[in-house]
Amino acid sequence: MHIMEGFLPWQWCIVWWLIALPCLMLGVWHLKKVMEKDREALPLLGVTGGFIFILSSLKLPSVTGSCSHPTGTGLSAICFGPWVTSVICAIVLLFQSLFLAHGGLSVLGANIVSMGIVGPLVGYAIYRMLKDTRVNIYLTVFLATALADMFTYITTSLELALAYPAEVGGFGTSFVMFMAIFAVTQVPLAIVEGIVLALVFKYIVALKPDILIRMKIFSEAQINKARGEA
Amino acid sequence: MAKNYLLEILAVVAILAFCGLFLFTSSTMEGAEFAGSDNVGSGLIAELSGKSIDSFVPLIPQYEPPSGEIESCLFALQSALGGIFVGGVFGFWLGQKKSLTETKVN
Chain A
210 MHIMEGFLPW QWCIVWWLIA LPCLMLGVWH LKKVMEKDRE ALPLLGVTGG FIFILSSLKL
270 PSVTGSCSHP TGTGLSAICF GPWVTSVICA IVLLFQSLFL AHGGLSVLGA NIVSMGIVGP
330 LVGYAIYRML KDTRVNIYLT VFLATALADM FTYITTSLEL ALAYPAEVGG FGTSFVMFMA
390 IFAVTQVPLA IVEGIVLALV FKYIVALKPD ILIRMKIFSE AQINKARGEA
Chain B
47 MAKNYLLEIL AVVAILAFCG LFLFTSSTME GAEFAGSDNV GSGLIAELSG KSIDSFVPLI
107 PQYEPPSGEI ESCLFALQSA LGGIFVGGVF GFWLGQKKSL TETKVN
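Below, the structure written as structure tokens:
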């Protein structure tokens with residue numbers, strides 16, 4: 210999902226930076242609030258953030274004959290909301306821009322918008338929609354994380370299509386072409402990521418149910434039910 | 047029993063299916079190079095804009111890992127860092143839970 214340094218016109222770099230910056234500031238503010246409110250939440254932040262570090266470094270082969278990496282942002286979005294997640298993503302993406310030439314400083318804004326903002330926002334929205342329904346909590350986690358992953362790549366396609374509309378067919382044609390590269394490659398990865406993160410969530414539920422209940426991530430009844438059945 | 051481990055079983059099946067899919071694609075697909083989709087995307091950008099791929103130079107100069115080895119070293123470092131956090135916290139929680147049940151027993 211990294212747009213490479215130099216591959217986005219500077220005007221678009223500024224646009225995406227302007228969108229990313231206020232979200233990051235909101236994230237830092239939220240992060241401060243989380244830390245002041247409950248020190249016990251910090252280990253949970255470590256786990257969800259740790260998975261962003263791990264999963265975003267794994268480049269996996271896919272059906273299209275190219276490689277791509279999962280994002281791992283969904284879990285953090287569920288537990289801490291999309292804004293805190295964008296801060297963690299910004300750290301990962303900054304590391305990759307500075308040392309790995311994956312992305313770059315000018316395109317960092319665009320990459321933060323796709324991986325750190327739109328993806329987590331979608332994941333969080335799905336979690337909020339399903340949270341108080343009868344849907345199994347692990348299914349909720351699966352859907353939220355898998356779709357957060359997918360929408361990151363759809364956003365990258367959108368960002369590139371906006372910057373490079375095709376000569377024939379304009380934005381729409383380019384969007385389809387970029388989707389064919391980024392989104393199609395991502396489908397199997399997103400499914401595996403969703404299942405793995407649902408499994409991780411099961412272990413969090415098993416080890417530290419009280420923090421999930423206290424942070425109102427899921428209700429006590431839902432957590433107890435999940436502990437009983439899985 | 048099986049129901050208790052449904053998620054574990056699903057995860058193993060998904061990962062195996064993923065590996066199977068990879069073996070299938072890599073052996074049947076012509077010209078599958080398994081390059082990064084980032085690079086494939088950059089290729090399409092060059093095509094759409096009608097400029098050669100070499101004409102895209104970084105707007106802000108950046109460090110590039112001199113070889114694939116160094117790149118993979120840095121990526122491994124990144125995921126090791128994440129692994130330390132995850133493993134550390136899970137161990138911490140496990141210990142916390144254990145000491146909690148032990149105090150209850152005593």
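Line order of the protein sequences matches chains A and B. 210 is the number of the first residue of the first sequence in our numbering; add one for each residue after it. 47 is the number of the first residue of the second sequence in our numbering; add one for each residue after it. Beta carbons are placed, not taken as given, at the ideal position from N, Cα and C, and that holds for glycine.
B:G129 reaches chain A at G259, F262, I263, counting residues in chain order whose Cβ is nearer than 9 Å.
Within 10 angstroms of the beta-carbon of B:L69 lie fewer than 16 other beta-carbons, which makes it exposed. The C-beta of A:L369 comes closer than 9 Å to at least one C-beta of chain B. Fully contained in the stretch 231-286 of chain A are the following beta strand (DSSP E) runs of length 3 or more, in chain order: 275-277. Between A:G313 and A:E214, the C-beta gap is smaller than 9 Å, which places the two residues in contact. Under the three-state reduction of DSSP, A:G378 is assigned to coil, being neither helix nor strand.
Of all residues in the stretch 65-76 of chain B, only L67, F68, T71, S72, M75 come within less than 8 Å of chain A when Cβ atoms are compared, listed by chain position. 9 Å or more divides the Cβ of A:I228 from the Cβ of A:G290. Counting only runs of 4 or more residues that sit fully inside the stretch 328-415 of chain A, the alpha helix (DSSP H) segments are 328-340, 346-372, in chain order. The beta carbon of A:P279 does not come within 9 Å of any beta carbon belonging to chain B, so the residue lies off that interface. The beta carbon of B:G114 does not come within 9 Å of any beta carbon belonging to chain A, so the residue lies off that interface.
Annotation: the continuous alpha helix (DSSP H) that includes B:Q124 extends over 114-151.
Sorting A:C288, A:I287, A:L251, A:F304 by C-alpha distance to the C-alpha of B:F131 places A:L251 at the top. B:Q108 and A:F304 have their C-alpha atoms roughly 12 Å apart. Separation of A:A375 and A:N345 (C-alpha to C-alpha, rounded to the nearest whole angstrom) is 43 Å. For B:A81, the beta-bridge partners assigned by DSSP are A:S275. Between A:V316 and B:I61, the CB-CB gap reaches or exceeds 9 Å.
Listed by position along chain A, the residues whose Cβ is nearer than 7 Å to that of B:L140 are L416. DSSP, read as helix, strand or coil, puts B:S73 in helix. The C-beta of A:C276 comes closer than 9 Å to at least one C-beta of chain B. The beta carbon of A:T273 lies closer than 6 Å to those of V393, T394 in the same chain, with the five residues before and after it left out.
Counting the other Cβ atoms within 10 Å of the Cβ of A:G378 gives fewer than 16, which makes it exposed. Within the same chain, T71, S72 come within 7 Å of B:A78 by CB-CB distance, once the 5 residues on both sides are set aside. Taking 9 Å as the threshold, the shortest C-beta distance from B:V151 to chain A does not fall below it.
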